[in-house]
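Position in the sequence shown (first residue = 1) + 3 = this note's numbering.
Beneath this line is the structure, given in structure tokens, with notes to follow.
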Amino acid sequence: MAIDLHGNGPESRDALVALRPRRLLAHACPDGPPWRAQANERDRWCAFLHGYGIAADPLDLRLPRPTTPSPAPGAVVVHPGAASGSRRWPGERFAAVVRCLGAAGHDVVLTGGPGEDALVRSVAERSGRRGCDVLTGGLPFGELSALVAGASLVLSGDTGLAHLAVAHGTPSVTLFGPVPPRLWGPPPSPDHLALWKPGPPGDPHGRTPDARLLRIRAGEVAAACLTLLRDVRSRQERTGPEVADVH
């Protein structure tokens, strides 16, 4: 059996057809479920599996807590990179937010994927904070997962680290641009803030920052981060960390 979870076009389907599976499950098949263009990614792919009689829960998002120790427990993790330029908020704005977080007394760790070392170092230098840890080169997944799971907050653009934060129940602030959060964002939760400016859809794989993304200002991002950190801390003081961690 081959299952195409890539898209609704023939490219990935044809690659699987070449393997000559006994059965192929794909949107681009005569017996495949209809493609739901305006559905959230979780709902779309769970509906796809339901169409083939496979049970799937779009709210079953959580991953087990990593056994690997975090390299920076309790820190605010700031991830300025993204796979595409259209989803990459300007580095100088990330630096401004890092400065605000540092001034409020929060430990900050900067992370980047492979090929993003220059961006991460630039944000660190612009922030003017020598105590800001910089984790470049792309951490191994186990260590990255532990870092996110043990963080007090994750700030990033619309990229993989944001989804990892949701999967570990780590509070997050995510900046959206070409694709609205109703399609690519987390389910509604007081612990996961999605910042986005309405407008016509853009290209999620474009080379330059999306116009909607550029309308998000550093001041509102810093305020969202500080407010969420304060609210989570207040909730934990009332209920205890074990109860507050259940979403």
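For glycine and all other residues, C-beta sits at the position ideal for the given N, C-alpha and C.
Practice prompt. Determine the direct distance from the alpha carbon of Thr173 to that of Leu231, and round the result to whole angstroms.
Written response: 11 Å
Worksheet entry | Through-space distance from Pro201 to Val182, alpha-carbon basis | 10 Å
Fill in: CB-CB length for Ala168 against Leu196, believed under 8 Å
Contact flag wrong, Cβ pair sits at about 11 Å.
Worksheet item: Where Asp161 and Pro189 are concerned, what is the direct C-alpha to C-alpha distance, given to the nearest angstrom?
Response: One Cα belongs to Asp161, the other to Pro189, and the distance between them is close to 10 Å.
Item to complete: For the alpha helix (DSSP H) holding Gly182, just list the boundary residues, first then last.
Response: According to the sequence as given, residue 182 is Val; it is not Gly. From DSSP, Val182 is part of no alpha helix (DSSP H); its letter is neither H nor E.
Discussion item. Report the start-end ranges of each beta strand (DSSP E) in the segment 78 to 128 that is 3 residues or longer and not cut off at the edges.
Written reply: 79 to 82 and 111 to 114
Worksheet entry | Backbone secondary structure at Arg60 - three-state DSSP | According to the sequence displayed, residue 60 carries Asp and not Arg. Three-state result, Asp60: coil.
Item to complete: Would you check if the segment 73 to 81 and the segment 124 to 142 touch, i.e. whether three or more CB-CB distances between them fall below 8 Å?
Response: yes
Worksheet item: What is the DSSP secondary structure of Gly54, counted as helix, strand or coil?
Response: helix
Practice prompt. Counting only the same chain and skipping the five closest in sequence on each side, list residues whose C-beta sits under 7 Å from that of Glu146.
Written response: Thr71 and Pro74
Worksheet entry | Cutoff 6 Å; reference Ile219; Cβ partners in own chain excluding five residues on either side | Leu178 and Leu198
Fill in: From Asn11, Val224 and Gly180, residue whose alpha carbon lies closest to that of Pro203
The residue with the shortest Cα to Cα distance from Pro203 is Gly180.
Discussion item. Considering only their Cβ atoms, is the gap separating Asp120 from Gly88 smaller than 8 Å?
Written reply: Taking 8 Å as the cut-off, the Cβ atoms of Gly88 and Asp120 do not count as close.
Item to complete: Would you give the residue range spanned by the alpha helix (DSSP H) that Leu232 belongs to?
Response: Ala221 to Thr242
Worksheet entry | Neighbour-count burial assignment, Val246, 16 or more Cβ in a 10 Å radius | Here the model assigns Val246 a pLDDT of 44, short of 50, so the residue's position is not dependable and the matter cannot be decided.
Worksheet item: The beta strand (DSSP E) spanning Ala197 covers which residue range?
Response: His195 to Leu198
Worksheet item: In the DSSP assignment, what are the bridge partners of Asp206?
Response: Looking at the DSSP assignment, Asp206 forms no beta bridge with any residue, so it has no partner.
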